[in-house]
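Taking it in order: structure first as structure tokens, then the write-up.
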Amino acid sequence: MKDQLINTFSIVAVDPITDACGAAVASKFPAVGKMVPYVRAGVGAFCTQHQHNPAWGEEALDL
């Protein structure tokens, strides 16, 4: 049963003093850090999870 666990964790944070933002992700699947976080200077950060769709990150940052 332990092998059936699928977990992905993500975090998005903003420094209120510098307005710097960033995102991080951890998963049992390799290389998700390249696909899950989306960050745009002057806008913010967003992480997609589960059924990843590359358009969601860009759309979220456009909101």
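Just so you know, the sequence shown maps onto residues 11 to 73 in my numbering.
Beta carbons are placed, not taken as given, at the ideal position from N, Cα and C, and that holds for glycine.
Given the structure is predicted, the values throughout are model-derived calculations rather than measurements.
- Taking the CA atoms as reference points, Pro-47 sits about 22 Å from Ile-27.
- Across the structure, Gly-54 and Gly-32 are spaced so that their CA atoms are roughly 8 Å apart.
- DSSP, reduced to helix, strand and coil, places Ala-34 within a strand of the structure shown.
- Measuring C-alpha to C-alpha distances from Ala-36 to each of Cys-57, Leu-73, Asp-72 and Ala-65 identifies Cys-57 as the nearest.
- Cβ contact annotation for Ala-41 (same chain, cutoff 8 Å, sequence separation greater than five): none.
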